[in-house]
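Colleague: Residue numbering for the sequence shown follows the working numbering, starting at 267 and increasing by one per position.
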Amino acid sequence: MAKLLVLDPSLTCLGGHYYELAVRTLQAADRCGYEPVLGTHRRFRYGDLLPRHWRVLPVFADDSFGYDPGYPVDLAGRSLSVSSLPARGGWAGLDLGRGLRAVRRWRCGEKRRRRLERFAAACQAIDMAVGLEAGDHVFLPSTSFFDLLGVARFLATVPDLTGVTWHGLFHRGFLQGREPEYAAQASVERTMRRQLEYLVQHIPPGRLRLYGTSQKLVDQFNRLAQLEFQVLPFPVDLQTLPDDTAGTPQRLRLMCAGFLRREKGKAVARQFVEEIWDQELASGNMQLVVQTNRRQARRMIAPRMDVPLVFRSSLQRDDAASIVWLQHPLVHEAYLNLIRQADIAVFLHDGRAYYTQCSGVLVEMLAGGVPVLVPAGSWLSDQVAEPNYEYLDALRAAASIRALQQLDTAAWHLCVPAGRNGAGPVFGNAAAAAACEVEVVREARAALVSFTWDPATPPGTYIRVAVQPAGTVGDATTRATVAILGPRAVDKPVSTFVALEGGTERVRLSLSNAYDDAWVSVRHAEICLLGAPASGAASYPAGQVGLAYADVHQLPLLVRNVREHYPHYRASARLFAATWRHRHDAQRIVEQLAAGAAIQHRAVA
C-alpha cells in the first residue's frame with residue numbers, strides 16, 4: 267500500500283488550522299487507500315487521539331512556523347550573499363565592529379546549519395520508521411524554502427528514493443501588498459529567486475511539486491520562474507454542513523472570525539464593538555462571539571458595556587450574554603460546533619496583508635453556508651465578488667428602473683495630465699479622482715453604479731467608488747457610501763449598490779484608484795436609479811453570500827442590512843456552499859497531490 271505522509275514541524279498540539287489541515291488531508295488519504303503517516307514536532311503527544319492505524323511520529327525538534335533564516339542560504343546554513351567568515355588570516359585586519367559582525371554571521375550560520383541537520387535527521391527517522399518507497403507521497407502542508415533545504419539535505423543522503431514525490435504548500439508570500447507595490451521590492455524578489463534557484467539545483471528533477479493556497483499567491487511565486495507553482499485549495503471538513511431545517515433565530519449570532527492578531531483586526535476590534543453595541547448587541551438583535559485572550563477582550567469593551575470576561579471551551583446555543591468569549595484553539599468538535607452555530611461571520615482582517623493569503627476560517631464559514639462580511643481589496647472579498655456581481659446583474663434586470671444615465675467622458679470633472687486619454691473617465695488616486703453629479707428622481711430608493719473594466723488595467727488595481735448626497739461633500743457628519751471594486755473573470759460590468767435616503771435630489775459620484783497612484787480608466791460608466799422594492803420591503807439586500815467593506819466604519823450598516831434580509835443572505839450562502847465544498851473537498855485535494863506528472867523545471871527568467 268502506498269503511503270501519504272503529512273510532515274508539519276510546527277504541529278505541537280490539538281486544534282488550530284494547521285492541525286485541521288493535516289488531519290483532513292490524512293482522513294482523505296485514508297479514504298483514498300493510502301497508508302496515513304503524520305510527522306509532528308516532538309511536543310505533540312496526542313497520537314492516541316487519532317485513528318489507531320495511523321502512524322504518528324513526533325520527531326521534529328524545531329518549530330519552523332514564522333522562522334526567517336535570512337535568505338539566501340545553502341544546505342550548510344551559510345549565507346549565499348555574505349561570507350560568514352573573513353578569509354584565512356583576515357581576522358587580524360578587522361576592527362572590533364567588523365569582527366563582531368563577522369562572529370554574529372558565523373553564529374547565525376551555525377544555528378541554521380544545526381536546524382537543517384535536525385530537519386534532515388527527522389526525515390531520516392521517518393524513513394527508517396516507515397520505509398519510504400516508490401509511489402509514496404510526502405506532503406509538507408505549511409512549508410518554507412528553509413524546510414525544503416532540509417528536505418534537499420536529507421535527499422542527498424538517500425539517492426534510492428527516486429520514486430517518492432515531495433509536495434510543499436505555501437500559505438504566505440514573500441512580497442508585501444498588491445502587485446503595484448511589487449516593483450519597490452525588487453531586491454526581495456531577487457533574493458528569493460536566488461534561493462529557489464539554489465534549491466532547484468539540489469533536488470533532483472521530478473521529485474518536488476510546490477503549491478500555494480490562492481491564485482494570487484501562486485502568481486507571486488511564479489514570478490521566480492524556477493518551478494511551476496499550482497493552486498492547492500484549503501480543505502474543509504464536510505461535517506460543517508449547515509442545518510437546513512433550522513428557522514431564522516430571534517437573535518443572530520455574529521462570529522468575529524479568527525483569533526484576533528495584528529493582521530486579523532486586533533487594532534479595530536474595539537471600534538467595531540462600540541459601533542454595533544447599541545443597535546445590535548445591547549438591543550438583543552445579535553450576540554457577538556469572539557475567540558481571543560483575556561487581555562485583548564478587556565481592550566475590546568468599554569466599561570459601560572458590563573460584559574463579564576468568562577471564557578468558554580465551547581459554544582452553547584442558550585448562552586444569553588451579549589458577547590461570548592471563547593478560548594483559542596478549540597478542540598475539533600467545539601470548532602465544528604462554532605461554525606454550525608454561526609449565523610453571520612465578520613472578518614476584521616487587514617485587506618493588504620490578506621491580498622494573497624487564504625483565510626482558513628473563511629473557507630470553513632463559506633463551506634458551512636454562513637453569510638460573511640469581509641475587507642475589500644483582499645483574497646477574502648475576491649471570493650464573494652462574483653456572486654455579488656451576479657446578484658446586482660439580476661437586480662438591475664428585475665427591479666423597477668426609474669432613471670438610467672450613461673456617464674460618458676464629458677459628464678466627468680477630470681484631473682488628467684496632458685496625453686492621458688481613455689475610452690471613459692481617467693483618474694488617479696483620491697486626490698485625482700474623476701467626479702460628476704447626477705440628478706436623483708423623486709421615486710428613486712437605490713442606485714446601481716456600474717462600469718466595464720479596461721482590459722489594460724494592471725493586476726492588483728481596485729477602483730474606489732464613492733457616492734454622497736450633493737452639498738454634503740466635506741461635511742464630517744455625512745459619510746459617503748464607498749465600495750472597492752475589482753475586475754470580473756467574465757467580460758461583464760462590475761457594479762455596486764447604493765441605498766438612497768428619501769429626499770435626496772442630487773448625488774456626487776467619484777471614481778479613484780483605491781490603493782495606488784497610477785492613472786487608470788473605466789468604460790461604459792452608468793448610474794441606474796431603482797424604485798422601491800416590489801416586495802414592499804423597506805430596503806433591498808445590498809448583495810448576496812457576503813458583503814465587502816471598504817472601511818470598518820461601514821460595518822454597522824452592512825451588519826444591519828444582513829440582519830434585515832437574513833433569510834435572503836442565508837439562502838444564497840447555502841446555495842453557494844454546495845459548489846464551494848466541492849472545490850475544497852479534501853479528497854479532491856489528495857487526488858490532486860497524486861495525479862499527473864511532477865512539475866518540470868522552468869527556465870530562469
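Where is the CB? At the ideal position from N, CA and C, for every residue including glycine.
These numbers were taken from a predicted model, which means no experiment stands behind them.
Is arginine 686 helix, strand or coil by DSSP?
Modeller: Of the three classes helix, strand and coil, the one that applies to arginine 686 here is coil, per DSSP.
Colleague: With the cut-off set at 9 angstroms, would you say tryptophan 645 and glutamine 671 are in Cβ contact?
Modeller: no
Colleague: Using 10 angstroms around the beta-carbon of leucine 270, count the other beta-carbons present and answer buried if the total reaches 16, otherwise exposed.
Modeller: buried
Colleague: What is the DSSP secondary structure of glutamate 494, counted as helix, strand or coil?
Modeller: coil
Colleague: Put valine 272 into one of helix, strand or coil per three-state DSSP.
Modeller: strand
Colleague: Restricting to runs no shorter than 4 residues, where is the alpha helix (DSSP H) found entirely within the region 399 to 448?
Modeller: Correct list: 411 to 421.
Colleague: Evaluate the contact criterion for the region 317 to 328 versus the region 297 to 304: three or more CB pairs, one atom per stretch, below 8 angstroms.
Modeller: In this structure the region 317 to 328 touches the region 297 to 304; the number of beta carbon pairs closer than 8 angstroms is three or more.
Colleague: Quick one: what's got a C-beta closer than 6 angstroms to serine 838's C-beta in the same chain, skipping five residues either side?
Modeller: Gln810 and Val811
Colleague: Quick one, which of Leu518, Ala633 and Pro501 has its alpha-carbon nearest alanine 587's?
Modeller: Leu518
Colleague: What span of residues does the beta strand (DSSP E) with serine 778 cover, start to end?
Modeller: 772 to 779
Colleague: Look at glycine 626 and leucine 287 and say whether their C-beta atoms are less than 9 angstroms apart.
Modeller: Contact: yes.
Colleague: Select from Arg318, Phe525, Tyr621 and Gly635 the residue whose C-alpha is nearest the C-alpha of glutamine 607.
Modeller: Gly635
Colleague: By DSSP, does glycine 282 sit in helix, in strand, or in coil?
Modeller: Coil.
Colleague: Over the uninterrupted alpha helix (DSSP H) stretch that includes alanine 860, give me the two end residues.
Modeller: That run of the alpha helix (DSSP H) goes 852 to 860.
Colleague: In angstroms with no decimal places, state the Cα-to-Cα distance between tyrosine 728 and glutamate 447.
Modeller: The alpha-carbon atoms of tyrosine 728 and glutamate 447 are separated by roughly 13 angstroms.
Colleague: CB-CB under 6 angstroms to alanine 732, same chain, minus the five flanking residues each way: which ones, in chain order?
Modeller: Ala746, Val748 and Ser776
Colleague: Check for me: the beta strand (DSSP E) holding histidine 307 runs from which residue to which?
Modeller: 301 to 307
Colleague: Alpha carbon to alpha carbon, how far is tyrosine 620 from serine 330? Give it in angstroms, no decimals.
Modeller: 21 angstroms
Colleague: Would you mind stating whether isoleucine 589 and methionine 566 have Cβ atoms separated by less than 9 angstroms?
Modeller: In this structure, the beta-carbon distance from isoleucine 589 to methionine 566 falls below 9 angstroms.
Colleague: Taking one C-beta from the region 814 to 825 and one from the region 458 to 467 each time, how about it: are there three or more such pairs within less than 8 angstroms?
Modeller: no
Colleague: Would you please verify whether the beta carbon of valine 417 is less than 9 angstroms from any beta carbon of chain C?
Modeller: The structure shown contains no chain C; it holds only a single protein chain.
Colleague: Quick one: grab the DSSP three-state call for proline 822.
Modeller: Proline 822: helix per DSSP, three-state reduction.
Colleague: Note down the Cα distance separating glutamine 442 from glycine 726, rounded to an integer number of angstroms.
Modeller: Glutamine 442 and glycine 726: Cα-Cα distance of roughly 12 angstroms.
Colleague: What did DSSP end up calling phenylalanine 763 once you bin it into helix, strand or coil?
Modeller: Strand at phenylalanine 763.
Colleague: Indicate whether leucine 273 and leucine 462 have their beta-carbon atoms separated by less than 9 angstroms.
Modeller: no
Colleague: Cutting at 7 angstroms between CB atoms, please list the residues of its own chain near serine 347, excluding the five before and the five after it.
Modeller: Pro338
Colleague: For serine 716 versus leucine 658, is the C-beta spacing smaller than 9 angstroms?
Modeller: Their beta carbons are under 9 angstroms apart, which means serine 716 touches leucine 658 by this criterion.
Colleague: Among the residues of its own chain, which have a CB less than 8 angstroms from the CB of glutamate 857, if the five just before and after it don't count?
Modeller: Cys298
Colleague: If you run the structure through DSSP and keep just helix, strand and coil, what is arginine 560?
Modeller: helix
Colleague: Which term fits cysteine 702, buried or exposed, when burial requires 16 or more other beta carbons within 10 angstroms of its beta carbon?
Modeller: buried
Colleague: Please return the same chain residues whose Cβ sits closer than 6 angstroms to the Cβ of glutamine 557, not counting the five positions on each side in sequence.
Modeller: If you ignore the 5 residues before and after glutamine 557, its C-beta comes within less than 6 angstroms of the C-beta of Phe525, Leu592 and His594, all in its own chain and listed in chain order.
Colleague: Put tyrosine 878 into one of helix, strand or coil per three-state DSSP.
Modeller: Absent from the model: residue 878. The displayed extent of the chain is 267 to 871, so no value can be given.
Colleague: Name the two residues that bound the continuous beta strand (DSSP E) containing threonine 718.
Modeller: 712 to 719
Colleague: Name the two residues that bound the continuous alpha helix (DSSP H) containing arginine 836.
Modeller: 832 to 849
Colleague: Is it buried or exposed, arginine 380, if we count other Cβ atoms within 10 angstroms and call 16 or more buried?
Modeller: It is exposed - the Cβ of arginine 380 has fewer than 16 other Cβ atoms within 10 Å.
Colleague: Does the region 410 to 427 come close enough to the region 384 to 396 to have 3 or more Cβ pairs within less than 8 angstroms?
Modeller: yes
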